[in-house]
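Report on the structure given below.
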Amino acid sequence: MVVWSLMAASAVLYAIAANLRFWMEPLGDEPHYLVMSVALGKYHTFDLTQAYANGDWRAFYADPLDAHVYPNAEGIMVPLHNFGGPILWTVPFQLWGRPGAAAVVVLASVLAVGVTYRLQRELGITQVYAGVVTGLFAVGTPLYMYASMQFVDPFGALFTAYAALIVVRADPKWWQVGLASAGLGWMPWVHGRFLLLTIPLGLLLAMRKHRALALAPMLGLVLALELFNFTQYHSLSPAPGNAALGDGLLQISPWTGLAGILFDRQYGLISHFPLLALAVPGMFLAPRRSPHWALLAAIVPYILAVSTFRTWWAGYTPPGRLPVVLVPLLAYYVALTLQSRPRWLPPTLAALTAAFAFAYTLTGDLYPLRRFTSSNGPGVDRILDEQAAGLGLPDLPTWWPTVETVPGTGQNPWPWYCGYAAFAALMVLWSRSTRPRPSTPADAEQYERVPDR
Numbered sequence: 001m002v003v004w005s006l007m008a009a010s011a012v013l014y015a016i017a018a019n020l021r022f023w024m025e026p027l028g029d030e031p032h033y034l035v036m037s038v039a040l041g042k043y044h045t046f047d048l049t050q051a052y053a054n055g056d057w058r059a060f061y062a063d064p065l066d067a068h069v070y071p072n073a074e075g076i077m078v079p080l081h082n083f084g085g086p087i088l089w090t091v092p093f094q095l096w097g098r099p100g101a102a103a104v105v106v107l108a109s110v111l112a113v114g115v116t117y118r119l120q121r122e123l124g125i126t127q128v129y130a131g132v133v134t135g136l137f138a139v140g141t142p143l144y145m146y147a148s149m150q151f152v153d154p155f156g157a158l159f160t161a162y163a164a165l166i167v168v169r170a171d172p173k174w175w176q177v178g179l180a181s182a183g184l185g186w187m188p189w190v191h192g193r194f195l196l197l198t199i200p201l202g203l204l205l206a207m208r209k210h211r212a213l214a215l216a217p218m219l220g221l222v223l224a225l226e227l228f229n230f231t232q233y234h235s236l237s238p239a240p241g242n243a244a245l246g247d248g249l250l251q252i253s254p255w256t257g258l259a260g261i262l263f264d265r266q267y268g269l270i271s272h273f274p275l276l277a278l279a280v281p282g283m284f285l286a287p288r289r290s291p292h293w294a295l296l297a298a299i300v301p302y303i304l305a306v307s308t309f310r311t312w313w314a315g316y317t318p319p320g321r322l323p324v325v326l327v328p329l330l331a332y333y334v335a336l337t338l339q340s341r342p343r344w345l346p347p348t349l350a351a352l353t354a355a356f357a358f359a360y361t362l363t364g365d366l367y368p369l370r371r372f373t374s375s376n377g378p379g380v381d382r383i384l385d386e387q388a389a390g391l392g393l394p395d396l397p398t399w400w401p402t403v404e405t406v407p408g409t410g411q412n413p414w415p416w417y418c419g420y421a422a423f424a425a426l427m428v429l430w431s432r433s434t435r436p437r438p439s440t441p442a443d444a445e446q447y448e449r450v451p452d453r
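Each residue of the sequence shown is one higher than the one before, counting from 1 in the UniProt record's numbering.
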């Protein structure tokens, strides 16, 4: 079966990448997520102060570690991160340490690859294109990068993709609806910003069959999170740690924040994973009667909302961190761009850009510190610089903006918006210059009678 082959290959790649990470201590937020697992497993508490005070992190992190716990307005010490991810890997972590936690993240990433393929097939992408695009996404997007680290974003990608799959599926089974609802309900436990995806996908799921199962698990888990946050931290925010730091919506203009998330030379999605530049043309090529509108209902509000947070406004390190949760949904639009005009240009661009991103991520696997670009200084990405120098184009990274410095320098991101809009328009015109391939499930069934094995 195609999907099982893709998942098996991804499992091997991600396991190797995770193993490479064990040669260096965890970086960024990774040790703090592991400290949360220590608090849960060793001290049986959600209070992290004892684990930090006793230096339990030294089992996996040799250097001094500043506690990711901050006082809120009432003086209550609040963890910066939510507990949803550490809860999922606490038992494997207690049994096998850091490799146990890594195995759970790898598993979630591999499952996300499988759901990415299924989602494309459900929306009418042919078996060949769905397989090729899923393979490219497995190696050429931030899903590969985050599969090897103890970050929680692969959980969000998996739950989002599965919920979207059940929303667009013509006749979902009752247990599939319940499972999708539970995943959506758990997402804000994993990270508060994921509530921005739970709401639209949850509403769409509730409009389908088995409404009680679509609502009960999701509402139960979300209300449980609110009760937990209120009793523990006197906060109703889904991200009480960020709220304690004063973060919230509408603090930064989305015009600037979105430019950072997409184009910034340290954090940007397209600047580091240019395969995803083919997604927007696919949005304009999608058929009007297709249920793909459910995907846009999740993608657009989320990406605009997170671009207005003060801390995240230009993206965050490692690159592509904020939008990685949307990667499985974007695969459909990239596949549609390729399928709509089966000629040499789009597939060639897809292969070259995926190879570029694979080389970038592989370098980060070998030299993990380099992928945490915020430690390199403003506007510096050592891996991008080395790749550009290897191509004989040492100034190539300077073509991308350093959006994080926009408020201080007056730099305007409009040239990159205009340039990308021109690229997307050209791709749409190219694709519409000939009769498109099938774009709906019914058309795909007529076009390709090869069984999905």
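Positions of the beta carbon are idealized from the N, C-alpha and C atoms, including for glycine.
Put V139 into one of helix, strand or coil per three-state DSSP.
-> Here residue 139 corresponds to residue number 139 of the sequence shown, with the count starting at 1. Reduced to three states, the DSSP call for V139 is helix.
Return yes when the Cβ of F83 is within less than 8 Å of the Cβ of F22, no when it is not.
-> As a working note, residue 22 is residue 22 in the sequence shown. As a working note, residue 83 is residue 83 in the sequence shown. No; because the gap between Cβ atoms is not below 8 Å, this pair is not in contact.
Note down the Cα distance separating S237 from A224, rounded to an integer number of angstroms.
-> Against the sequence shown, residue 237 aligns to sequence position 237. Against the sequence shown, residue 224 aligns to sequence position 224. Answer to the nearest angstrom: the Cα atoms are 12 Å apart.
Beta-ladder partner(s) of M77, from DSSP | In the sequence shown, counting from the first residue as 1, residue 77 sits at position 77. Bridge partners of M77: P71.
Identity of the residue in A15, I76, I261 nearest S235 by Cα | Looking up residue 235 in the sequence shown gives position 235. I76 is the residue among A15, I76, I261 whose C-alpha sits nearest the C-alpha of S235.
Scan the region 265-341 and note each continuous alpha helix (DSSP H) run of 4 residues or more that stays entirely inside, going in chain order.
-> Taking only runs of at least 4 residues, the alpha helix (DSSP H) segments lying wholly in the region 265-341 are 269-272, 279-285, 293-306, 327-340.
Which value, in whole angstroms, describes the spacing of the CA atoms of P200 and L330?
-> By one-based count along the sequence shown, residue 200 stands at place 200. By one-based count along the sequence shown, residue 330 stands at place 330. The alpha-carbon atoms of P200 and L330 are separated by roughly 16 Å.
Does the region 331-338 come close enough to the region 275-286 that 3 or more CB-CB pairs lie under 8 Å?
-> yes
In three-state DSSP terms, what is L426?
-> The sequence position of residue 426 within the sequence shown is 426, counting from 1. If DSSP states are grouped into helix, strand and coil, L426 belongs with the helices.
Are the C-beta atoms of W399 and some chain B residue less than 8 Å apart?
-> Included in the structure is just one protein chain, with no chain B present.
Own chain, CB closer than 7 Å to D443, minus 5 neighbours either side, in chain order = In the sequence shown, the residue the question calls residue 443 occupies position 443. Residue placement at D443 cannot be trusted, given a pLDDT of 47 that sits under 50; what the coordinates show is reported in the next sentence. Here the set comprises G124.
7 Å Cβ shell around F372 - same chain, five flanking residues per side excluded | Locating residue 372 in the sequence shown gives position 372, counting from the first residue. The answer, listed in chain order, is L27, G28, T317, P318.
Starting from F263, trace the alpha helix (DSSP H) both ways and give me its first and last residue.
-> As a working note, residue 263 is residue 263 in the sequence shown. That run of the alpha helix (DSSP H) goes 254-263.
To the nearest angstrom, how far is it from the Cα of A355 to the Cα of E74?
-> The sequence position of residue 355 within the sequence shown is 355, counting from 1. The sequence position of residue 74 within the sequence shown is 74, counting from 1. Rounded to whole angstroms, A355 to E74 spans 50 Å at the Cα level.
Going along the chain, which residues of its own chain have a beta-carbon closer than 8 Å to the beta-carbon of I270, five neighbours each way excluded?
-> The sequence position of residue 270 within the sequence shown is 270, counting from 1. The answer, listed in chain order, is L262, F263, L276, A277, Y420.
Is it buried or exposed for W175, if we count other Cβ within 10 angstroms and need 16 for buried?
-> Within the sequence shown, residue 175 is the residue found at index 175, counting from 1. With fewer than 16 other Cβ atoms within 10 Å, it is exposed.
Alpha helix (DSSP H) containing residue 526: first to last residue?
-> Outside the shown range of the chain, which is 1 to 453, sits residue 526, and nothing can be said about it.
Enumerate in chain order the residues of its own chain whose CB-to-CB distance from A130 is below 7 Å, with the five nearest sequence positions on each side excluded.
-> Mapped onto the sequence shown, residue 130 falls at position 130. So the list reads Y117, Q120, R121, A335, once near-sequence residues are dropped.
Are the Cβ atoms of M427 and T361 separated by less than 8 Å?
-> In the sequence shown, residue 427 corresponds to position 427, counting from 1. In the sequence shown, residue 361 corresponds to position 361, counting from 1. No; because the gap between Cβ atoms is not below 8 Å, this pair is not in contact.
Starting from P347, trace the alpha helix (DSSP H) both ways and give me its first and last residue.
-> For the purposes of this step, residue 347 is identified with residue 347 of the sequence shown, where counting begins at 1. 345-366 is the span of the alpha helix (DSSP H), which, as asked, contains P347.
Please report the Cβ distance between I383 and F309, rounded to the nearest whole angstrom; I am assuming they are in contact, meaning their Cβ atoms lie under 8 Å.
-> For the purposes of this step, residue 383 is identified with residue 383 of the sequence shown, where counting begins at 1. For the purposes of this step, residue 309 is identified with residue 309 of the sequence shown, where counting begins at 1. That pair is no contact at about 26 Å.
Beta-carbon separation (whole angstroms), Y14 vs V104, contact threshold 8 Å = Position 14 of the sequence shown, counting from 1, holds the residue named residue 14. Position 104 of the sequence shown, counting from 1, holds the residue named residue 104. Actually they are not in contact, since the Cβ atoms of Y14 and V104 sit about 12 Å apart, beyond 8 Å.
Near A67, which residues of its chain fall below 6 Å by C-beta distance, leaving aside the five closest residues on each side in sequence?
-> Against the sequence shown, residue 67 aligns to sequence position 67. Once the five neighbours on either side are set aside, the close Cβ partners of A67 are Y52.
Proximity winner among R208, V324, G55, T160, relative to Y144 (alpha-carbon distances) | Counting from 1 along the sequence shown, the entry for residue 144 is found at position 144. If we check each option's Cα against that of Y144, V324 comes out closest.
Considering only residues of the same chain and omitting the five flanking positions on each side of Y43, which have a CB-CB separation below 8 Å?
-> The sequence position of residue 43 within the sequence shown is 43, counting from 1. Counting only residues of its own chain and dropping the five nearest sequence neighbours on each side, Y43 has a CB closer than 8 Å to the CB of Q50, A51.
If we call anything under 8 Å between Cβ atoms a contact, is P142 one with A259?
-> Along the sequence shown, one-based indexing puts residue 142 at 142. Along the sequence shown, one-based indexing puts residue 259 at 259. Going by C-beta atoms, P142 is not nearer than 8 Å to A259.
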